[in-house]
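With our numbering, you'll find the sequence shown wraps up at 189, consecutive numbering, no jumps.
Data block below; observations after.
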Amino acid sequence: VKRDAFNLSDALTTLTGPQFSQIIFGIGVVGMAISTIIILMLINGFAICELFGKPATGLLYQAGCILAAVAGAFGALFLWSGKAQFYLAVPTSRFGMVLLPIAYIAFFFLMNNRKLLGENMPKGASRFGWNLLMSIAVLLALSGATISILNDKAMIPGTGIAVKTVGLVILAILFAWAVIVHFKRKSA
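Here it is as structure tokens:
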């Protein structure tokens, strides 16, 4: 299957017609790119400020935000060219789908951490409602990530090793590392 913009937008043809499907698909790709870079810029700004122990305001925060934008722009201009630029949307969205459950699980634990939220932690029916909604979100994100990983048929060139195998091994190592660090920190 040739994966280009026309082929990928064909999935919307039955819903919107051939012309409108390309417009909707294009708007979706641009929206995904813009929202992703905005989120990455904000996260990078906060991370840089945390790294230097400074508040998330001022010139350092702005420099951290701009750093992600500049890296993204130069990557798009110099690292990938031609049809590879468009195809980058496919693995990027897959990678994002795999990372989504990690973020949702982190939010779930954050919402239930009295040490971090203090008096702002939800209580009673509100807490139950948030936990129910977050649990559903985590399960849906895990389902989507699992489907994304298991449907991946990409191979590492010249090795016969499936990319998903390497990804699952790395995921298992990171999970084991997180568990070890958690219990070592708890005992210290």
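Even glycine gets a Cβ: it sits at the ideal position worked out from N, Cα and C.
Note that the coordinates shown come from a computational prediction; the quantities given were computed from them, not determined experimentally.
* Asked: Per DSSP, which one or two residues make a beta bridge with Ala-72?
  -> According to DSSP, which records beta bridges pairwise, Ala-72 is partnered with nothing at all.
* Asked: With burial defined as no fewer than 16 other Cβ atoms inside 10 Å of the residue's Cβ, what is the status of Ala-142: buried or exposed?
  -> buried
* Per DSSP, cross-strand counterpart(s) of Ala-163 -> Met-156
* **Cβ-Cβ distance between Ala-146 and Pro-102 below 8 Å** => yes
* Does the segment 111-118 come within contact of the segment 58-73, defined as at least 3 CB pairs closer than 8 Å? -> no
* **Residue range of the alpha helix (DSSP H) that includes Glu-51** => 19-53
* To do: In the DSSP assignment, find the alpha helix (DSSP H) that holds Leu-78 and state where it starts and stops.
  => Here Leu-78 belongs to no alpha helix (DSSP H), and DSSP marks it neither H nor E.
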